[in-house]
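Participant:
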Amino acid sequence: MTDTVTDRFLRYVVIDTQSDASSPTQPSTSKQLTLGRVLVEELLEIGLSDAHLDEHGYVYATVPSNTGKNNVPVVCFCAHMDTAPDFSGTDVKPQVIRNYQGGDIALPGHETRVIRESEHRELKNQIGHDIITSDGTTLLGADDKAGLAEIVTAAKYLIDNPDIKHGAIRLLFTPDEEIARGVEKVDIQKLGADFGYTLDGETVGTIEDETFSADAVEIAITGVAIHPGFAYGKMENAIRIAGAIVDRLPKHMAPETTKGRDGFIHPTDLSGSMEKAKISLIIRDFADEGLKTKETLLEDIVKDVMHDYPGSTYTFTVIEQYRNMKLVLDRHPEIVENAIEAIKRAGLTPKRGSIRGGTDGSRLSFMGLPCPNIFAGGHAFHSPLEWVSSQDMEKAVDTIVELSKLWEERA
Numbered sequence: 024m025t026d027t028v029t030d031r032f033l034r035y036v037v038i039d040t041q042s043d044a045s046s047p048t049q050p051s052t053s054k055q056l057t058l059g060r061v062l063v064e065e066l067l068e069i070g071l072s073d074a075h076l077d078e079h080g081y082v083y084a085t086v087p088s089n090t091g092k093n094n095v096p097v098v099c100f101c102a103h104m105d106t107a108p109d110f111s112g113t114d115v116k117p118q119v120i121r122n123y124q125g126g127d128i129a130l131p132g133h134e135t136r137v138i139r140e141s142e143h144r145e146l147k148n149q150i151g152h153d154i155i156t157s158d159g160t161t162l163l164g165a166d167d168k169a170g171l172a173e174i175v176t177a178a179k180y181l182i183d184n185p186d187i188k189h190g191a192i193r194l195l196f197t198p199d200e201e202i203a204r205g206v207e208k209v210d211i212q213k214l215g216a217d218f219g220y221t222l223d224g225e226t227v228g229t230i231e232d233e234t235f236s237a238d239a240v241e242i243a244i245t246g247v248a249i250h251p252g253f254a255y256g257k258m259e260n261a262i263r264i265a266g267a268i269v270d271r272l273p274k275h276m277a278p279e280t281t282k283g284r285d286g287f288i289h290p291t292d293l294s295g296s297m298e299k300a301k302i303s304l305i306i307r308d309f310a311d312e313g314l315k316t317k318e319t320l321l322e323d324i325v326k327d328v329m330h331d332y333p334g335s336t337y338t339f340t341v342i343e344q345y346r347n348m349k350l351v352l353d354r355h356p357e358i359v360e361n362a363i364e365a366i367k368r369a370g371l372t373p374k375r376g377s378i379r380g381g382t383d384g385s386r387l388s389f390m391g392l393p394c395p396n397i398f399a400g401g402h403a404f405h406s407p408l409e410w411v412s413s414q415d416m417e418k419a420v421d422t423i424v425e426l427s428k429l430w431e432e433r434a
C-alpha cells in the first residue's frame with residue numbers, strides 16, 4: 024500500500040461518510056465508522072500504538088514526543104470524517120488531471136457540470152499541479168478527507184524521521200462535523216492536548232482564527248384546522264402562516280445576498296400540515312450581539328404575522344450551536360503566530376482570514392482547547408464541482424511538520 028497524501032486521499036474519498044442531521048445516533052450514520060476503522064488500521068501500521076475508535080465514533084491517536092524537553096505543549100491536529108448531506112457522497116469516482124495546464128475541467132459523469140476557470144479563480148495558481156475532482160455525480164469529499172490524509176501523512180513523516188524533534192502530538196478525527204455535532208462527545212481530558220489546529224480550510228496558505236457565531240431557531244406553529252367546506256371565517260392554516268413568516272424575512276439578510284462580515288437569517292426546512300407547521304432556521308453573525316438582533320427581528324416578524332391569526336399559537340426556540348472562536352484565540356496569540364511562521368517555513372505566503380461558517384475548532388475553543396483552522400487545500404466544498412490539488416495537500420503536510428518542529432524549538 025502506498026502512502027503519499029494523494030494515495031491516502033483517494034482511498035478515503037471512495038468511502039461514503041455522509042452525516043444525517045435527522046438521525047439521533049452518535050455518529051449519525053454507521054458508515055462513518057467504516058472510515059474510522061480504516062484510519063485506525065493505517066495509524067497502527069505507521070506506529071501509533073494507541074490509535075483507537077471509541078464508542079462515539081471518534082478516532083484518537085498519539086505521535087509520541089521524541090524530545091528531551093519536558094515543557095513542550097501537547098498539540099492536537101484535528102479533521103472530520105463525515106461529508107456534507109448537501110450533495111450525494113455515494114459511489115464517489117475521483118479523477119486526477121495530471122499537470123493541469125489551465126482551462127475548464129469537464130466532469131465525465133455529468134455533461135453539464137464543468138469546473139470553469141472563470142468561476143474558480145484559484146485555478147490560475149494551479150498550473151502544473153495535479154487536480155483531483157469527482158466525476159460530477161457526487162461531491163468529492165476534500166472537505167475534510169484532504170485534512171485526514173494530510174494529518175496521517177504528516178504523522179508518518181514524523182515517525183519515519185526521528186531527527187525531527189517534537190513534543191507529543193495528538194490526532195483527533197471526528198464524525199458529524201457537517202451537522203454541527205462534531206465534538207459533542209469528545210473527551211477533552213482523554214485527548215490531553217493544550218491546544219489544537221483543525222485542517223479544514225480552503226486556499227493554500229490560509230490560517231483562520233475567526234468563525235461565525237451560530238444559533239438555530241425552531242418555530243412551531245399550531246393553527247386552527249377545520250373541514251375546508253366549513254372553513255369560512257374559522258380556518259387558520261398553519262402552512263399559510265409559516266409561508267407568510269418566510270415571505271417577510273429580509274431579503275438583504277439572506278446567505279445569497281450577504282458576504283464578508285455580514286450575517287444572515289436562513290430558513291433551512293419547512294414542514295407541516297393544516298394544523299401544525301414547523302420552520303427551521305439558522306442565524307449567523309460574527310458578533311453575539313448581531314445574533315441577538317437578528318433573533319429579535321425574526322421573532323418580531325413572527326409576532327406580527329400571528330396578529331392576523333388570533334386563534335393560532337407559536338413557540339420560538341433558540342438553540343446555541345457555536346460561538347466565534349476569536350474570543351478565545353485572542354487570549355492565546357502564540358497559537359496563530361506559530362501557525363503563520365510554519366506556513367512561511369513551508370514556502371507559502373500566509374493569508375489570515377475569517378470563516379463564514381464554523382469548524383470543530385469553534386466548539387473545541389470554548390471547551391478549553393483553543394483551535395484555529397489551517398488550510399486543507401480543497402475548493403467548492405459541498406458541491407459536485409469540488410476539487411483539490413495534490414501539491415496543495417503536500418504543502419499542508421509540510422505545514423503540519425513545520426508547526427510540530429516550531430513548538431519544540433520555542434519551548
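Each residue of the sequence shown is one higher than the one before, counting from 24 in my numbering. Glycine included, each C-beta is placed from N, C-alpha and C at the ideal position.
#1: Pick out the complete alpha helix (DSSP H) segments inside the region 201–276, 4 residues or longer, and give them in chain order.
#2: Out of 232, 379, 117, state which residue places its alpha-carbon closest to the alpha-carbon of residue 39.
#3: Hey, residue 369 and residue 418 are a contact pair by Cβ (cut 8 Å); roughly how many whole angstroms apart?
#4: Could you check the C-alpha separation between residue 405 and residue 66 for me, to the nearest Å?
#5: On the DSSP bridge list, what partners appear for residue 376?
#6: Give the DSSP bridge partners of residue 435, in chain order.
#7: Find out if the Cβ-Cβ distance for the pair residue 408, residue 113 is shorter than 9 Å.
#8: Is it true that the CB of residue 289 sits closer than 9 Å to the CB of residue 278?
#9: Please name the residue or residues paired with residue 402 in a DSSP beta bridge.
#10: List the residues that DSSP assigns as beta-bridge partners of residue 354.
#11: Curious, which full-length beta strand (DSSP E) runs of at least 3 residues does the region 92–126 contain?
#12: Going along the chain, which residues of its own chain have a beta-carbon closer than 6 Å to the beta-carbon of residue 351, five neighbours each way excluded?
#13: What is the residue span of the beta strand (DSSP E) that residue 60 lies within?
#14: Assuming residue 416 and residue 100 are in contact, meaning their beta carbons sit under 8 Å apart, how far apart are those beta carbons, in whole angstroms?
#15: Could you spell out where the alpha helix (DSSP H) holding residue 150 opens and where it closes?
#16: Cα-Cα, which of 55, 60, 296 is closest to residue 164?
#17: Report the start-end ranges of each alpha helix (DSSP H) in the region 302–356 that is 4 residues or longer and not cut off at the edges.
#18: Would you say the region 286–301 touches the region 244–255, given that touching needs at least three Cβ pairs under 8 Å?
#19: Looking only at DSSP bridge pairs, what is residue 40 linked to?
#20: In whole angstroms, what is the alpha-carbon distance linking residue 239 and residue 203?
#21: Pull up the CB-CB distance for residue 305 and residue 291, whole angstroms please, since I reckon it's below 8 Å.
#22: Residues bridged to residue 81 by DSSP?
#23: Taking the alpha helix (DSSP H) that residue 174 belongs to, which residues open and close that run?
#24: Would residue 41 be called buried (16 or more neighbouring beta carbons within 10 Å of its own) or exposed?
#25: Which residues mark the beginning and the end of the beta strand (DSSP E) in which residue 387 is found?
#26: Bridge partners for residue 146 per DSSP, in chain order?
#27: For the region 172–188 against the region 137–147, do three or more pairs of beta-carbon atoms, one drawn from each stretch, fall closer than 8 Å, so that the two count as touching?
#28: Using a 10 Å radius around the Cβ and a threshold of 16 neighbouring Cβ atoms, would you call residue 185 buried or exposed?
Facilitator: With the given structure in hand:
#1: 211–214, 261–270, all fully within the region 201–276.
#2: Checked all of 232, 379, 117; the closest Cα to residue 39 is 117.
#3: Indeed, because the Cβ distance is near 6 Å, the residues count as touching under 8 Å.
#4: If you draw a straight line from the Cα of residue 405 to the Cα of residue 66, it is about 27 Å long.
#5: Beta-bridge partners of residue 376 (DSSP): 231.
#6: This structure does not reach residue 435, given that the chain is present from 24 up to 434, and the question cannot be answered.
#7: Taking 9 Å as the Cβ cut-off, residue 408 and residue 113 do not qualify as a contacting pair.
#8: Between residue 278 and residue 289, the gap from beta carbon to beta carbon is short of 9 Å.
#9: In the DSSP output, where bridge partners are listed per residue, residue 402 has 410.
#10: Per DSSP, none; premise fails for residue 354.
#11: For secondary structure counted as the beta strand (DSSP E) over 3 or more consecutive residues, the region 92–126 holds these complete runs in sequence order: 98–103, 118–120.
#12: Counting only residues of its own chain and dropping the five nearest sequence neighbours on each side, residue 351 has a CB closer than 6 Å to the CB of 388, 393.
#13: That residue, residue 60, is in no beta strand (DSSP E); its alpha helix (DSSP H) goes 54–68.
#14: Going by Cβ atoms, the distance from residue 416 to residue 100 rounds to 14 Å, so no, they are not a contact pair.
#15: Counted as a single uninterrupted DSSP element, the stretch harbouring residue 150 is not any alpha helix (DSSP H), since DSSP gives it neither H nor E.
#16: Ranking 55, 60, 296 by Cα distance to residue 164 puts 55 first.
#17: The qualifying runs are 311–329, 349–352.
#18: Verdict: yes, contact present.
#19: For residue 40, which the question treats as bridged, DSSP gives no partner whatsoever.
#20: Computed Cα separation, rounded: 10 Å.
#21: Approximately 6 Å separates the beta-carbon atoms of residue 305 and residue 291; this is inside 8 Å, confirming the contact.
#22: According to DSSP, which records beta bridges pairwise, residue 81 is partnered with nothing at all.
#23: Element bounds for residue 174: 165–183.
#24: It counts as buried.
#25: Residue 387 -> not in any beta strand (DSSP E); alpha helix (DSSP H) instead, spanning 383–389.
#26: DSSP lists no partner for residue 146.
#27: The region 172–188 makes no contact with the region 137–147, as fewer than three CB pairs between them are under 8 Å.
#28: The residue in question, residue 185, is exposed, as its Cβ has fewer than 16 Cβ neighbours within 10 Å.
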